[in-house]
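Enquirer: Have a look at this one before I ask anything.
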Amino acid sequence: TGAIVAHAPGKLFVAGEYAVVSPGEPSVLIAVDRYLTVSLTESVDAGSIHSPEYSRMPVRWTRGQDGLTLDREHHPYDYVIAAIEACERLRAERGLRPRFFDLYIESGLDDPSGRKFGLGSSAAVTVATIAAIDEFYGFELGTRGRYELAMLATIAVAPHASGGDVAASTYGGWIGYRSPDRDRLRAARTQHGVADVLGSEAWDGAEIIRLTPPSGLDLLVGWTGHPASTERLVNGVSRGTNVTGDAHTGFLEASRECVSDLWRALAGRGADAAGHAVSDDDLALDAIRRNRRLLQGLGARTGVTIETDRLRILCDAAEAIGAAGKPSGAGGGDCGIVLAPADADVAGMLRVWETNDIRHLTIGVHPPEGEH
Ligand code: PMV
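The numbering of the sequence shown is the UniProt record's numbering, which starts it at 7 and goes up by one.
Here it is in structure tokens:
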């Protein structure tokens with residue numbers, strides 16, 4: 007039998023970062039047209055994981071008493087192992103005969119020298135691994151099922167992750183996303199197993215909706231050249247917000263308002279707070295600018311550098327031409343995104359980026375699942 011090949015797109019956050027970590031808070035993401043690929047071939051008496059990035063560390067796995075047994079530390083393959091483990095549980099619960107397979111991972115989400123752009127490689131490797139194993143065993147998970155299984159794998163590695171990146175990588179296109187309650191999911195998985203959690207009420211509050219790309223705005227992406235650690239930033243912000251409880255409630259409310267405006271703009275129903283019609287593009291630009299300010303405030307209150315100097319230059323250059331820019335994701339480096347009106351002086355902005363070592367990444371949107 008030939009190899010099963012699964013591609014999963016990377017992602018960018020557009021709005022709602024940090025707030026979306028709280029269950030039920032809205033965010034906006036896009037899937038991008040850069041991909042991570044997992045190829046699967048059946049093997050005989052053990053499985054293995056390979057990737058050029060970690061070529062000196064192939065991992066072999068077998069089945070032990072309590073699940074997978076590895077021939078070395080998990081580390082570089084945490085998400086891959088968690089994805090295999092989640093699939094193993096489902097396979098066993100469905101009474102399917104165990105088989106082994108080798109996985110080959112290739113990421114197109116990094117710079118040629120191997121530095122991460124911050125385009126969601128962890129989510130993409132989780133989603134692609136699950137897609138490949140789904141096909142291998144014939145689980146027939148469907149899009150929602152793949153998101154849910156990838157999400158269970160993700161929170162086994164990163165307990166507080168919102169999973170917005172998982173949703174974007176699974177669904178494609180522009181999406182609106184609210185996270186499920188991960189504590190509840192973990193408890194449900196332990197209590198009932200994987201099969202019974204899929205599609206259950208443990209996902210209440212999670213929402214993934216398709217949004218329409220803004221018609222009059224162009225998306226541009228700038229890369230700071232500095233990889234950032236989402237985990238470190240999120241932990242820093244959460245330590246800080248424990249001290250400033252009230253301010254954080256205010257942040258969540260204000261973020262909810264920005265993102266709701268953006269959802270409305272992207273659904274083609276632009277209106278201001280008083281209900282007067284506003285151009286969808288203007289509403290979207292305003293929402294992005296306000297979200298940027300909110301994240302600046304969050305960083306200042308918690309002592310975490312979300313908007314680094316280079317991200318500030320990137321975003322200021324966008325605002326100077328009548329566009330809107332903000333850090334994408336946790337900030338601290340990685341990428342910034344810009345939405346620019348068609349008549350804006352984008353060339354002028356790109357010159358400022360170039361002078362400041364901000365690389366313009368030519369990135370488009372990966373189409374929604376089912377529309378390829
Ligand atoms: O840095 P990224 O692109 O992985 O995004 C992190 C976004 C946060 O909201 C800060 C965390 C999360 O899990 O959603």
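The beta-carbon is built from N, C-alpha and C at its ideal position, and this holds for glycine as well. Bear in mind the structure is a predicted one, so any value in this text is a computation, not a measurement.
1. Does Glu-259 come out as helix, strand or coil in the three-state DSSP assignment?
2. To the nearest angstrom, how far is the alpha carbon of Arg-78 from that of Ala-156?
3. Would you check if the region 160-180 and the region 74-92 touch, i.e. whether three or more CB-CB distances between them fall below 8 Å?
4. Apart from the five residues just before and just after Asp-116, which ones in its own chain have a Cβ nearer than 8 Å to its Cβ?
5. Go ahead and pull the three-state DSSP assignment for Tyr-177.
6. For Thr-176 versus Glu-112, is the C-beta distance shorter than 7 Å?
7. Does the distance from the CB of Pro-333 to the CB of Glu-360 come in under 7 Å?
8. Please state the DSSP three-state secondary structure of Arg-184.
9. If Arg-316 sits next to Ile-364, beta carbons under 8 Å apart, how far is it from one beta carbon to the other, in whole angstroms?
10. By how many angstroms is the C-alpha of Phe-19 removed from the C-alpha of Pro-374?
11. For Trp-209, which residues from the same chain have a beta carbon less than 7 Å from its beta carbon, with the 5 sequence-adjacent residues on both sides left out?
12. Hey, could you find the ends of the beta strand (DSSP E) Ser-49 is sitting in?
13. Could you compute how far the alpha carbon of Arg-69 sits from the alpha carbon of His-80?
14. Provide the residue(s) that pair with Leu-109 in DSSP beta bridges, ordered along the chain.
15. When we look at the beta-carbon of Pro-32 and count the other beta-carbons within 10 Å, is it buried (16 or more) or exposed?
16. Starting from Cys-341, follow its DSSP beta bridges and name the residues at the other end.
17. Any idea what DSSP makes of Pro-100, helix, strand or coil?
18. How should Asp-72 be labelled, buried or exposed, when 16 other C-beta atoms within 10 angstroms of its C-beta is the threshold for buried?
19. Can you tell me which of the three DSSP states Thr-68 falls into?
20. Within the continuous alpha helix (DSSP H) that includes Ala-353, where are the two ends?
Expert: On the basis of the supplied data:
1. In this structure, Glu-259 counts as helix in the three-state DSSP scheme.
2. Cα atoms of Arg-78 and Ala-156: separation of roughly 23 Å, rounded to the nearest angstrom.
3. In short, these stretches touch, since the Cβ pair count reaches three.
4. Closer than 8 Å at Cβ, skipping near neighbours: Glu-59, Lys-122, Phe-123, Ser-127.
5. Helix.
6. One thing to note: Thr-176 has its Cβ no nearer than 7 Å to the Cβ of Glu-112.
7. With contacts defined as CB atoms closer than 7 Å, Pro-333 and Glu-360 fail to qualify as a contacting pair.
8. Three-state result, Arg-184: strand.
9. Contact holds; Cβ gap of about 6 Å.
10. Their Cα atoms are separated by approximately 16 Å.
11. For Trp-209, where only same-chain residues beyond five positions count, the Cβ hits under 7 Å are Glu-154, Pro-186.
12. Per DSSP, the unbroken beta strand (DSSP E) holding Ser-49 starts and ends at 32-49.
13. Each residue's Cα considered, the two are about 15 Å apart.
14. Here Leu-109 is bridged, per DSSP, to Leu-46, Ile-55.
15. By the Cβ neighbour-count rule, Pro-32 is buried, with 16 or more other Cβ atoms within 10 Å of its own.
16. Partner residues in the beta bridge of Cys-341, as assigned by DSSP, are Trp-229.
17. The amino acid at residue 100 is misidentified as Pro; the sequence shows Arg. Of the three classes helix, strand and coil, the one that applies to Arg-100 here is coil, per DSSP.
18. By the neighbour-count definition (other C-beta atoms within 10 Å, threshold 16), Asp-72 is an exposed residue.
19. Here Thr-68 sits in strand by DSSP.
20. For Ala-353, the uninterrupted alpha helix (DSSP H) segment begins and ends at 352-361.
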